[in-house]
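Contents: one structure, followed by commentary.
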Amino acid sequence: MDKKILNNIRAECVDALKREPDRVRALAVLKKYNTDVFEAIRADTEDRIGDALLVAMGSFSRMLLTPYSDIDLLVIHKRGGQPDENIRRLIYGFYDTDFDITISTRTIEETIDVSRYSYKTLFSVFEPLYVAGSHDLFEKLVTKFGKKIKPNDHIKNIVDGLFFDAEKRLKTNNNILVPNLKESPGALRELSVSMMLCRIFRMRFNDAVIHERDYIYLIRSYLHAFSGRLCDVLNEEVAEETGKLLGLGESELRRNIILSLRNGLVLYRGILSDIKSGGDRFWASAALKRFSDTAVKGRDLQFFLSSRNSIDEAFWTRELHNEIPEFAFIEGMVERIGFHVMPVDEHSIQVIREFYKLMSGEECGEYKLIKDIALSLDQQDREILLMAMLFHDIGKGRGGGHSQKGRLITAGILKRYSLPDSVIESVLFLIENHLLIYIAMTRRDIENIDVITEMALKVDGIANLDKLCVLAFCDMKATNPTGLNSWNLELLKILYYRIKKHIEGDRSYIKPENISLWAKDNRKKYPDELDNIICNLPAPYLRYHSHVEIYDTAMLLNNMFKSGTIQISFEPKTMAGYALLRIAMPGDTPGIFHKINSVLSYFGASVIYASVHTMKNGAVFDLFRVGGSVIYNRVRMKRLREKLTDVLFEREKANPPVCGASFTPPVKSNVSVKFENSHNTYTQLEIECNDRNNLLTDISGIFVEHNLNITFAKISTFGRLAVDTFHISKNDRHLDEGTMAGLKLRLEQTL
Numbered sequence: 000m001d002k003k004i005l006n007n008i009r010a011e012c013v014d015a016l017k018r019e020p021d022r023v024r025a026l027a028v029l030k031k032y033n034t035d036v037f038e039a040i041r042a043d044t045e046d047r048i049g050d051a052l053l054v055a056m057g058s059f060s061r062m063l064l065t066p067y068s069d070i071d072l073l074v075i076h077k078r079g080g081q082p083d084e085n086i087r088r089l090i091y092g093f094y095d096t097d098f099d100i101t102i103s104t105r106t107i108e109e110t111i112d113v114s115r116y117s118y119k120t121l122f123s124v125f126e127p128l129y130v131a132g133s134h135d136l137f138e139k140l141v142t143k144f145g146k147k148i149k150p151n152d153h154i155k156n157i158v159d160g161l162f163f164d165a166e167k168r169l170k171t172n173n174n175i176l177v178p179n180l181k182e183s184p185g186a187l188r189e190l191s192v193s194m195m196l197c198r199i200f201r202m203r204f205n206d207a208v209i210h211e212r213d214y215i216y217l218i219r220s221y222l223h224a225f226s227g228r229l230c231d232v233l234n235e236e237v238a239e240e241t242g243k244l245l246g247l248g249e250s251e252l253r254r255n256i257i258l259s260l261r262n263g264l265v266l267y268r269g270i271l272s273d274i275k276s277g278g279d280r281f282w283a284s285a286a287l288k289r290f291s292d293t294a295v296k297g298r299d300l301q302f303f304l305s306s307r308n309s310i311d312e313a314f315w316t317r318e319l320h321n322e323i324p325e326f327a328f329i330e331g332m333v334e335r336i337g338f339h340v341m342p343v344d345e346h347s348i349q350v351i352r353e354f355y356k357l358m359s360g361e362e363c364g365e366y367k368l369i370k371d372i373a374l375s376l377d378q379q380d381r382e383i384l385l386m387a388m389l390f391h392d393i394g395k396g397r398g399g400g401h402s403q404k405g406r407l408i409t410a411g412i413l414k415r416y417s418l419p420d421s422v423i424e425s426v427l428f429l430i431e432n433h434l435l436i437y438i439a440m441t442r443r444d445i446e447n448i449d450v451i452t453e454m455a456l457k458v459d460g461i462a463n464l465d466k467l468c469v470l471a472f473c474d475m476k477a478t479n480p481t482g483l484n485s486w487n488l489e490l491l492k493i494l495y496y497r498i499k500k501h502i503e504g505d506r507s508y509i510k511p512e513n514i515s516l517w518a519k520d521n522r523k524k525y526p527d528e529l530d531n532i533i534c535n536l537p538a539p540y541l542r543y544h545s546h547v548e549i550y551d552t553a554m555l556l557n558n559m560f561k562s563g564t565i566q567i568s569f570e571p572k573t574m575a576g577y578a579l580l581r582i583a584m585p586g587d588t589p590g591i592f593h594k595i596n597s598v599l600s601y602f603g604a605s606v607i608y609a610s611v612h613t614m615k616n617g618a619v620f621d622l623f624r625v626g627g628s629v630i631y632n633r634v635r636m637k638r639l640r641e642k643l644t645d646v647l648f649e650r651e652k653a654n655p656p657v658c659g660a661s662f663t664p665p666v667k668s669n670v671s672v673k674f675e676n677s678h679n680t681y682t683q684l685e686i687e688c689n690d691r692n693n694l695l696t697d698i699s700g701i702f703v704e705h706n707l708n709i710t711f712a713k714i715s716t717f718g719r720l721a722v723d724t725f726h727i728s729k730n731d732r733h734l735d736e737g738t739m740a741g742l743k744l745r746l747e748q749t750l
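Each residue of the sequence shown is one higher than the one before, starting from 0 at the first, in numbering that gives the first Met the number 0.
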C-alpha cells in the first residue's frame with residue numbers, strides 16, 4: 000500500500016474541512032473521507048487477501064474516522080495451520096509503508112470470551128464492516144458472534160459495570176477539552192456504546208443521540224484538522240480556528256463542547272438506566288427533554304441542596320438551571336483553564352460535593368479540624384453554607400468583581416424563595432467574602448498582628464469564621480487537584496486558630512514586643528549561650544514560631560557565629576510533603592535569594608514558602624519550605640546541598656542550566672502585577688501568573704537588576720497558577736512610582 004495515497008486523502012479532507020462552515024456539508028466531507036479511505040484499502044488488498052478476510056473495526060467500521068484517527072483492521076483466516084503467503088504479504092506490506100503498526104492475535108472463541116466482560120472488545124467486534132476477501136468467513140463471523148453475544152447475564156454484567164462507571168463520571172469533571180474528544184466523558188465512545196446497546200437489547204434510540212454524536216464527531220474532526228492531533232489540550236489557536244467555522248468565539252466553543260458532552264453523558268446514563276430497569280421507560284428521552292423544556296416546578300431550594308444525590312440529579316438533568324435562570328448564565332462557562340479544571344457551574348456543584356464528602360467521613364485525618372467545624376454547624380447554618388456554595392461564583396462572566404456581583408444576583412434569587420431576612424443576609428455575607436480566607440492565606444502575612452486584627456473585624460464573629468473556613472476549604476478542593484495541598488492546609492489551620500483566639504480576646508499567641516523580656520521568661524527552654532542570639536532575632540519571627548523552630552534556628556546561627564561561615568540545614572519532612580531549608584549567613588549578600596532559587600530550579604525543586612530575615616547585627620537567615628521529587632531522593636538532596644554550598648561560597652556560578660524541558664502553559668499567560676505602598680519601609684508586590692520552571696528564579700533575578708531587597712516572601716502554587724507575594728524595599732524605603740512602573744513593565748515582559 001502506498002502511504003502517499005492515504006496522506007493525500009487526509010490532506011484533501013483537512014483542506015475541505017478548513018473551508019467548510021456549513022455543518023451538513025462538513026459531515027458530507029467526512030463521509031467522503033471515510034469512503035475514500037475504505038476504497039483505497041479495499042482496492043489495494045482485494046487481490047492479495049486470497050481466501051482470508053479483511054474487516055474494518057471500531058470507528059472505521061462505523062464510518063466515523065476523523066483525519067488523524069487510527070485505522071483498525073481485522074484479518075481472519077481459516078482454522079488450521081499457519082496463515083498462508085497472502086496474509087504474510089498483506090501484513091508485511093503494511094510494515095513496508097512505514098505506518099505505525101500494532102498487531103495482536105486471537106481466535107474468534109477467545110474474542111467472544113473476552114467480549115463477555117470487556118465492553119471495549121464487545122464494542123469493537125459487534126459491528127464489523129466487510130472490506131475484502133472471503134464472504135463465507137464474514138457470514139460465519141457475524142452469525143457466530145451474533146449468537147454468542149445477546150442480552151444474557153454476561154452482557155447485563157457488562158451493563159452493570161458501565162452503569163457504575165457512568166455514575167462515577169457524573170461526579171468528575173467534564174472539562175477534558177482535548178483534540179481526541181473520543182475519550183472525554185459523554186463523548187463519542189459513550190454515545191456509540193449507547194447505540195450499540197440499544198441494538199443488542201432491541202431498544203429504540205431517538206434523534207437526540209444521533210444529533211449529539213454527529214456534533215461531537217464534527218467538532219473532533221475540526222480539532223484534528225487544525226491541530227494535527229499534536230497538542231494535548233485545546234489551545235487558543237485551535238479553538239479560534241474551529242470556532243470561526245462554527246460561528247462561535249473561543250469561550251463559546253468550549254462552552255458548547257462542555258454542554259454537548261453533558262448531553263451525551265445524560266443520554267448514556269439514561270439508556271443504561273432503561274436497560275437496568277427492564278426498558279419500562281426511556282429515561283434518556285425524558286432527560287434530554289429537560290435540557291430544553293421547563294423543569295417540573297414545586298421543588299424548593301432546600302430540596303436541591305438536601306443531599307449529594309439530589310443536587311447531582313438536579314444539575315445533570317438541568318432542572319437546577321431551569322428553576323434558577325441566573326444559574327443557567329454560568330452553565331458551561333470556562334474561566335482560567337490553567338487554574339480551574341471545571342466550568343463555573345459544575346465547580347459550584349463540586350464545592351457542595353466536597354462538603355458532603357467532608358460530612359460523610361470520606362476525607363482522611365488531615366482534614367479533621369475542618370470536619371469538626373463542619374459537624375459543629377447546626378441545620379440552619381449548614382443550609383446557609385450550602386446556598387452560599389451554590390451561588391458563590393454566580394457573578395462570574397459579568398465583568399468586575401464577581402463576589403460583589405454575586406451578592407446582588409443572589410439577593411434577588413433568595414427573595415423569590417421567601418427566605419427570612421436573617422438567612423438571606425448570612426448567605427450574602429458568605430458570598431461577598433468567600434475569597435477572604437483564601438486571599439489572606441496566599442497573599443497576606445498571617446504572622447503580622449495587624450493582618451489578624453483586620454481579618455477578625457471583617458469576619459465579625461466565630462460563627463461566620465467557621466462557615467468561611469469550611470467554604471474556603473471546599474472551594475480550594477473543588478478548583479483543581481492541587482488546589483489544596485498540605486502546606487495550604489497548614490496555613491488555613493494557623494489562620495483559623497489565630498483569628499478565633501483574637502475574636503475570643505486571647506492574645507497568648509502574640510509574644511511580647513520586648514524581646515529581651517520574652518527571652519528571659521523563656522530562659523529555661525534554651526541553653527544560656529543562645530540568649531543573646533534569641534534577643535537579636537526579629538520580633539515577627541519570635542512572635543509566630545514555635546520553641547522548637549526558634550531553638551533550631553538559634554543553634555544554626557550559633558554555629559554560624561562560631562565558625563564565621565555560612566551554615567546550611569536541609570531537613571526532609573517527607574510525611575508533610577516538603578523539606579525545610581535553613582540558611583544562615585554572617586552578612587547580607589546582594590542577590591542571595593536569586594542564587595538560592597537558581598540552585599533549587601536546577602534540581603527541579605519548588606519553593607512553597609519562603610521567609611527572609613535580617614538580624615540587628617546584620618546577620619541573615621532564610622527559611623524555605625521546598626517541594627518536588629528531590630526531597631524523596633537522598634542522593635539528589637546531598638547533591639543539592641553541595642551545589643548550594645558551592646554557590647553561596649561563590650565557588651560556582653548561581654545560574655546553571657535547568658534540568659529538563661521547561662513547562663509551557665497551554666493557555667495564554669495572563670500576568671497580574673499589583674503594588675501596595677502603604678508602608679514606609681517596604682512595598683507589597685503581588686504577582687499572579689501561570690507556573691513554569693524557573694519562575695521564581697526569573698522574578699528574583701529582576702529584583703537583583705533593580706537592586707531591591709526582599710524582607711518577606713509567600714509562595715503559593717495552585718495547579719498551573721502561581722500566586723506570589725513579596726515585601727520589597729530599596730535603601731530601606733518603599734519604592735517610588737518610577738521604580739514600580741519600571742518593575743511592573745519588566746515583570747510583565749518576562750512572565
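Where is the CB? At the ideal position from N, CA and C, for every residue including glycine.
In this structure, how does DSSP classify residue i when only helix, strand and coil are distinguished?
i, result
"Asp723", "strand"
"Thr441", "helix"
"Leu483", "coil"
"Met636", "helix"
"Asn558", "helix"
"Leu180", "helix"
"Phe204", "coil"
"Tyr416", "coil"
"His223", "helix"
"Cys688", "strand"
"Ser58", "helix"
"His546", "helix"
"Val606", "strand"
"Asn693", "coil"
What's the C-alpha gap between residue i and residue j?
i, j, result
"Ile270", "Cys197", "8 Å"
"Glu641", "His593", "17 Å"
"Gly227", "Tyr67", "7 Å"
"Asp587", "Ser728", "14 Å"
"Ser485", "Ala15", "51 Å"
"Asp697", "Ile102", "48 Å"
"Val751", "Glu236", "This structure leaves residue 751 out entirely; the chain is present only between 0 and 750."
"Thr452", "Glu503", "12 Å"
"Met739", "Thr644", "33 Å"
"Leu622", "Tyr366", "26 Å"
"Gly741", "Met475", "34 Å"
Would you mind reading off the limits of the alpha helix (DSSP H) that contains residue i?
i, result
"Asp273", "Glu249 to Lys275"
"Tyr577", "From DSSP, Tyr577 is part of no alpha helix (DSSP H) but of the beta strand (DSSP E) over Tyr577 to Met584."
"Val752", "Only positions 0 to 750 of the chain appear in this structure, which leaves residue 752 out of reach."
"His346", "Val343 to Ser359"
Count the other CB atoms, across all protein chains shown, that sit within 10 Å of the CB of residue i; report buried if there are 16 or more and exposed otherwise.
i, result
"Phe302", "exposed"
"Ser306", "exposed"
"Lys414", "exposed"
"His76", "buried"
"Asn596", "buried"
"Tyr577", "buried"
"Ile100", "exposed"
"Asp690", "buried"
"Ala609", "buried"
"Val23", "exposed"
"Pro589", "exposed"
Please tell me whether residue i has its Cβ less than 8 Å away from any Cβ of chain B.
i, result
"Leu180", "This model lacks chain B altogether, as it is built from one protein chain only."
With respect to the beta strand (DSSP E) encompassing residue i, which residues constitute its N-terminal and C-terminal limits?
i, result
"Asp621", "Val619 to Gly626"
Does the ligand SAH have a heavy atom nearer than 7 Å to the CB of residue i?
i, result
"Tyr601", "The ligand SAH is absent from the structure shown, which contains no ligand whatsoever."
Answer yes if the segment 725-733 comes into contact with the segment 673-693, meaning at least three C-beta pairs across the two stretches below 8 Å, and no otherwise. yes
Is it a yes or a no for the segment 101-109 touching the segment 31-42, going by three-plus beta-carbon pairs under 8 Å? no
Would you call the segment 383-391 and the segment 498-505 in contact, with 3 or more CB pairs under 8 Å? no
For the pair the segment 176-190 and the segment 252-267, tell me if three or more CB-CB distances fall below 8 Å. yes
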